[in-house]
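Student: My questions will all concern the structure given below.
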Amino acid sequence: MTAGVILFGVGGALNELGVDGLSWVDLGAEGRGAAKYSAALLLMASLAGVSARYTRQAGRSAMLLGLLFAFMALDEYYMIHEELERLTRVDWQVLYLPVVAALAACFIHMLWLCQRDRSFVAMWVSGAAAWLMSQILEQLQWDGDIQRSGYAAMMVCEEILEMSGSVLLGLALWRWVIIEKD
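Under this note's numbering, think of the first position of the sequence shown as 1, with each following residue one higher.
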């Protein structure tokens with residue numbers, strides 16, 4: 001998983017610098033390799049959340065996280081948020097505030113449940129921080145529909161942070177599943 005993030009990060013940065021033959025790793029192109037890989041990472045986190053549902057303590061929060069990550073994977077793959085923004089003319093980050101609120105509530109509950117597992121907490125908090133930073137960069141990249149100065153650098157960092165966050169959150173949930181199973 002991490003190797004894929006590195007591959008897309010380096011390839012995406014080189015693509016932004018104008019190196020020929022790397023359009024398949026274009027981090028800003030929806031529906032291409034990077035977006036599909038990002039969706040696959042979210043799907044992995046989704047499966048971990050659904051699996052964690054069946055542990056002794058995680059219950060509904062883990063299941064809801066799994067479903068929300070599945071929605072995020074579908075959204076990434078099918079570009080739902082871009083289409084909603086185009087149709088409504090409302091920034092997708094505003095439209096998705098209820099999803100973010102549900103994710104935050106489940107995140108806090110899982111953090112409380114797993115607070116004694118330092119490895120889980122480190123991955124969980126780092127994954128959420130990576131996603132938060134990616135969304136701040138997403139907001140800074142655009143002025144309406146106009147790319148701001150420094151767009152390419154911010155976009156590369158944003159996409160890599162999203163992927164890294166998904167890996168960390170998914171691995172934290174899989175760790176929880178494995179530990180609780182034993």
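C-beta: ideal position from N, C-alpha, C; glycine also. Everything numeric in this text was worked out from a predicted model, so none of it was measured.
Report the rounded CA-to-CA distance for P98 versus A35, giving the unit in angstroms.
Tutor: Cα-Cα distance, rounded: 23 Å.
Student: Check this for me: beta carbons of A130 and F107, under 8 Å apart or not?
Tutor: no
Student: Quick one: Cα of R53 to Cα of L140, how far?
Tutor: 36 Å
Student: Please tell me whether S38 and G66 are closer than 8 Å, where the distance is taken between their beta carbons.
Tutor: no
Student: Could you round the C-beta distance between V25 and G12 to whole angstroms and report it? I think they count as a contact, below 8 Å.
Tutor: 5 Å
Student: Under the DSSP definition of a beta bridge, which residues are partnered with I146?
Tutor: Beta-bridge analysis with DSSP links I146 to D143.
Student: Please tell me whether L22 and V156 are closer than 8 Å, where the distance is taken between their beta carbons.
Tutor: no
Student: Excluding sequence positions up to five away, which residues of its chain have a Cβ less than 7 Å from the Cβ of Q135?
Tutor: Q93
Student: May I ask you to verify whether the stretch 109-128 touches the stretch 162-173, counting CB pairs closer than 8 Å and requiring at least 3?
Tutor: yes
Student: Using alpha carbons as the reference points, say which of M63, N15 and G18 lies closest to V177.
Tutor: M63
Student: Determine whether the beta carbon atoms of L42 and F8 lie at a separation below 8 Å.
Tutor: no
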